[in-house]
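So the sequence shown is numbered by full-length UniProt numbering: it starts at 1 and just counts up by one.
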Amino acid sequence: MTKPKSFESIRRIVLCYPVEPHHIVQIKQTLTDCLNDDAIPLDHEVEVVDAGQERIDQLLPTADIFIGHAKVPVDWDRALAAKRLQWIQSSAAGLDHCLVPGVIAEPRIVVSSASGLFAPQVAEQTFGLLFGLLRRIGLFERARQIPEFIRRPTDDLRGKTVGIVGLGGNGREIAKMLRPWEVRILATDFYPENQPDEVDALWSADRTDELFAASDIVILTLPLNQSTHHCVSETQLSAMKPGGYLVNVARGAVVDEAALVAALASGHLAGAGVDVTGFEPLPPSSPLWTDPNVLITPHVGAQSFRRVDDTTDLVCINLRRYFAGLPLYNRVDKTLGFPHPSVSYRVAGAESDDSQK
Numbered sequence: 001m002t003k004p005k006s007f008e009s010i011r012r013i014v015l016c017y018p019v020e021p022h023h024i025v026q027i028k029q030t031l032t033d034c035l036n037d038d039a040i041p042l043d044h045e046v047e048v049v050d051a052g053q054e055r056i057d058q059l060l061p062t063a064d065i066f067i068g069h070a071k072v073p074v075d076w077d078r079a080l081a082a083k084r085l086q087w088i089q090s091s092a093a094g095l096d097h098c099l100v101p102g103v104i105a106e107p108r109i110v111v112s113s114a115s116g117l118f119a120p121q122v123a124e125q126t127f128g129l130l131f132g133l134l135r136r137i138g139l140f141e142r143a144r145q146i147p148e149f150i151r152r153p154t155d156d157l158r159g160k161t162v163g164i165v166g167l168g169g170n171g172r173e174i175a176k177m178l179r180p181w182e183v184r185i186l187a188t189d190f191y192p193e194n195q196p197d198e199v200d201a202l203w204s205a206d207r208t209d210e211l212f213a214a215s216d217i218v219i220l221t222l223p224l225n226q227s228t229h230h231c232v233s234e235t236q237l238s239a240m241k242p243g244g245y246l247v248n249v250a251r252g253a254v255v256d257e258a259a260l261v262a263a264l265a266s267g268h269l270a271g272a273g274v275d276v277t278g279f280e281p282l283p284p285s286s287p288l289w290t291d292p293n294v295l296i297t298p299h300v301g302a303q304s305f306r307r308v309d310d311t312t313d314l315v316c317i318n319l320r321r322y323f324a325g326l327p328l329y330n331r332v333d334k335t336l337g338f339p340h341p342s343v344s345y346r347v348a349g350a351e352s353d354d355s356q357k
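Below is the structure:
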């Protein structure tokens, strides 16, 4: 194999996700394997540094490769001015934390995400919120605290039309889990191709308003970028059938929360389940906290007891591909903020890489 030119300048990999010592060992071993397998001579050590959230702003300018998700303010201008950064491997599906204008504009910086890696967990969270709304768990939980034992009406999932906005890895997994429940499934996506068998209709993103109008339940799994900020507003919510439900497991800012509060207060929406909000943590003054028809979880949709293990597995797979000059899984179109399905780790499949974990 020809030695990748980029390898010569890779001296430091900076991590910013909750790794444990054995994860760092795994990453270092992957780097060693890359050298041995490909017989790439190296006259310097590649340092792997766990910055954590506490030191990421300080250490990001020293990174040639950044792996993780900075949840604290980062001076990206300072990091970009160092002219070292070549690759960002996000540990999250959403990339609003790193796709700042300077990163988007810099052609030599490659960005890849964890899109679809935790689709099963996001789908389970979606079902938790959805069934909680339909079976009025929030209302009955409030009654339990009184205590009050009164039978009140509930709703059914079967027979509903469910719209999924954003049919990436998470959306496809949700559709797969919905299929046995005798529902009609509509979806929109920026790439309306490769329609899965579970979905009755897959439309282009410009038909999202039509999806809202046709759906009893709308589930949001789309990325946050400039075009999707507040893309769910009074127009879309009012187009829904009276008594509809909204579930947001995407990013909070894709929804105009004032419009959501109004739709709930008027009774037009029967309920909303939100794992994400426009501001996190959600301010105590938000009417969403006191609405009995709202279920709120604190952005835990992608949580998993294997989250860091699975993230590190993907990191190591992509490290091998990076140094071998192969296409990265989940390499994103930086102007859109998400990968094409053809390079998605979950949609395209990574079975051939699994034995190398």
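The C-beta atom is built at its ideal place from N, Cα and C for all residues, glycine as well.
Beta-carbon proximity check, residue i vs residue j, cutoff 8 Å
i           : j           : result
residue 215 : residue 163 : yes
residue 200 : residue 167 : no
residue 254 : residue 222 : yes
residue 169 : residue 116 : yes
residue 144 : residue 64  : no
residue 97  : residue 17  : no
residue 209 : residue 250 : no
residue 248 : residue 220 : yes
residue 294 : residue 125 : no
residue 19  : residue 59  : no
residue 218 : residue 165 : yes
residue 306 : residue 30  : no
residue 246 : residue 272 : yes
residue 82  : residue 61  : yes
residue 225 : residue 336 : yes
residue 375 : residue 334 : As displayed, the chain neither begins before 1 nor continues past 357, which places residue 375 out of reach and without an answer.
residue 279 : residue 34  : no
Residue i, buried or exposed, once every other Cβ within 10 Å from all chains shown has been counted against 16
i           : result
residue 341 : buried
residue 138 : buried
residue 146 : exposed
residue 265 : exposed
residue 193 : exposed
residue 118 : buried
residue 5   : Note on residue 5: pLDDT 47, under 50, position unreliable in the model; the coordinate value appears next. Classification of residue 5: exposed, given that the 10 Å Cβ count is below 16.
residue 413 : Past the boundaries of the shown model lies residue 413; the chain is included only from 1 to 357, so the question cannot be answered.
residue 283 : exposed
residue 175 : buried
residue 151 : exposed
residue 236 : buried
residue 36  : exposed
residue 346 : buried
residue 344 : buried
residue 9   : exposed
residue 339 : buried
residue 66  : buried
residue 148 : exposed
residue 274 : buried
residue 204 : exposed
residue 136 : buried
residue 91  : buried
residue 256 : buried
residue 326 : exposed
CB-CB length for residue i against residue j, believed under 8 Å
i           : j           : result
residue 72  : residue 50  : So it is not a contact: roughly 15 Å between Cβ atoms.
residue 87  : residue 122 : In fact, because the Cβ distance is near 25 Å, the residues do not count as touching under 8 Å.
residue 259 : residue 227 : In fact, because the Cβ distance is near 18 Å, the residues do not count as touching under 8 Å.
residue 24  : residue 46  : Wrong, their Cβ atoms sit about 12 Å apart, outside the cutoff.
residue 276 : residue 252 : 4 Å
residue 186 : residue 155 : About 19 Å; that fails the 8 Å criterion.
residue 183 : residue 157 : 6 Å
residue 95  : residue 113 : 6 Å
residue 297 : residue 129 : 7 Å
residue 292 : residue 142 : 6 Å
residue 53  : residue 315 : In fact, because the Cβ distance is near 18 Å, the residues do not count as touching under 8 Å.
residue 196 : residue 172 : 6 Å
Chain E contact for residue i (CB, 8 Å cutoff)
i           : result
residue 189 : The chain labelled as chain E is not found in the depicted structure, where only one protein chain is given.
Which full runs of the alpha helix (DSSP H) of 4+ residues lie inside the segment 129-185, going along the chain? 137-144, 169-178
So within the segment 10-50, which uninterrupted alpha helix (DSSP H) runs reach at least 4 residues, ignoring any that extend past its ends? 21-38
In chain order, what are the residue ranges of uninterrupted alpha helix (DSSP H) at least 4 long that sit wholly in the segment 224-310? 234-239, 257-265
Can you confirm whether the segment 304-311 touches the segment 324-342 when touching is taken to mean that 3 or more C-beta pairs between the two stretches lie within less than 8 Å? no
Whole beta strand (DSSP E) runs in the segment 181-217 with 3 or more residues, listed along the chain? You should have 184-189, 201-204.
Suppose only complete runs of 3+ residues qualify. What are the beta strand (DSSP E) ranges in the segment 48-72, listed by chain order? 65-68
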